[in-house]
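Here the structure comes first, spelled out in structure tokens, and everything after it is commentary.
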Amino acid sequence: MPRLFVALRPPPVIRDRLADLAEGVEDARWQDDEQLHVTLRFIGEVDRPVAEDVAACLAAVHAPAPLVRLSGVGAFRGRGAGAQLWAGLAPAEPLRHLHAKVEQACVRAGLAPERRTYLPHITVARLHRRAAEAPAVDQWLVEHAALSSESFPFAHLILYQSFLGREGARYEPVERWPLASPVGSEGE
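Just add 3 to the spot in the sequence shown (first one is 1) and you have my numbering.
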């Protein structure tokens with residue numbers, strides 16, 4: 004059964020900026036270039052017919068490409084066995100709007116609604132629980148609190164398949180759909 008999620012991929016210049024954050028926390032598993040994305044909806048393992056229904060419903064999503072910028076960093080701690088360091092995105096509203104459309108498409112495809120509140124972010128590192136409480140994490144958060152970038156669009160909605168292994172997860176695009184030009188950009 005494929006293990007799926009729906010995401011957006013930042014442009015290369017932003018992924019390079021995020022790669023610059025990958026230091027200063029011992030035992031962190033820093034995300035490599037191929038792993039950097041914004042999850043809109045985690046789907047999980049589904050049968051092939053459900054995966055096909057999800058792809059068909061996602062193909063019908065029409066929305067402008069979210070125009071955002073990097074904005075600060077944060078940490079999720081105490082979630083199960085591990086924690087995450089992440090880069091924030093602002094403004095959040097264009098991503099929440101697209102998330103709602105993706106959520107509607109997934110529910111139309113027969114998936115149960117997601118109950119968690121959506122917080123747009125890009126995971127930059129994964130940590131074991133004990134490492135998440137290390138002083139180095141707090142120091143990393145302070146050092147990178149002012150993270151920012153120029154505004155950038157997310158050009159495509161992407162359905163990914165995730166493969167779990169000893170070295171971490173590997174993500175492979177299954178389908179990709181272009182998003183409309185962002186509101187306020189040239190050509191609007």
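From the three backbone atoms N, C-alpha and C, an ideal C-beta is built for every residue, glycine too.
Q34 in three-state terms, based on DSSP
Note: Q34 maps to coil in three-state DSSP.
**Q.** Strand pairing of Q107, partner residues [DSSP]
**A.** According to DSSP, Q107 bridges with nothing at all.
Next item on the list: Tell me whether R51 sits in a helix, a strand or coil according to DSSP, three-state version.
Entry: Here R51 carries a helix assignment [DSSP, helix/strand/coil].
**Item:** Buried/exposed call for H40, threshold 16 Cβ in 10 Å
**Value:** It counts as buried.
Span separating the alpha-carbon of W89 from that of P5 | So the two alpha carbons sit approximately 26 Å from each other.
Item to complete: Specify, as a first and last residue, the run of the beta strand (DSSP E) that R18 falls within.
Response: Run containing R18: none in the beta strand (DSSP E); it sits in the alpha helix (DSSP H), P15 to A22.
Task: N-terminal and C-terminal residue of the alpha helix (DSSP H) that P138 is part of - done: Its alpha helix (DSSP H) spans residues P138 to E146.
Problem - A172 to P14 span [Cα, whole Å] - result: Straight-line measurement puts the Cα of P14 at about 20 Å from the Cα of A172.
- prompt: Pairing CB atoms from the region 57 to 70 with CB atoms from the region 101 to 118, are three or more of them under 8 Å?
  reply: Below 8 Å, enough C-beta pairs join the region 57 to 70 and the region 101 to 118 to call them touching: three or more.
- prompt: Since A134 is in the alpha helix (DSSP H), which residue starts that stretch and which ends it?
  reply: From DSSP, the alpha helix (DSSP H) with A134 extends over R132 to A135.
- Measure the alpha-carbon distance for L203 versus W180 and round it to whole angstroms. Because the chain in this structure spans residues 4 to 191, residue 203 falls outside the shown range and cannot be described.
Look at the Cβ atom of A22, then the Cβ atom of D36, and state whether they are nearer than 8 Å. Cβ distance < 8 Å, so A22 and D36 count as in contact.
Taking Cβ positions only, does E136 come closer than 8 Å to chain C?
Protein chains in the displayed structure number just one, and chain C is not present.
field: Run of the beta strand (DSSP E) containing A63, from where it starts to where it stops
entry: Note, A63: premise wrong, no beta strand (DSSP E); not H, not E.
- Message: Output needed for P185: all residues of its chain with C-beta closer than 6 Å, excluding positions within five of it in sequence on either side, in chain order.
- Response: If we look at P185 and ignore the five residues flanking it on each side, its Cβ neighbours are P67, A68, L70 and P156.
* Please work out which residues of its chain come closer than 7 Å, Cβ to Cβ, to R18, disregarding the five sequence neighbours upstream and downstream, and give them in chain order. => Within the same chain, Cβ atoms closer than 7 Å to the Cβ of R18 are found at D36 and L39, the five residues on either side in sequence being excluded.
**Asked** Any idea which residues DSSP pairs I125 with across the strands?
**Response** Listed as beta-bridge partners of I125 by DSSP are A90.
Can the beta-carbon of A112 be found closer than 8 Å to that of D56? Cβ distance < 8 Å, so A112 and D56 count as in contact.
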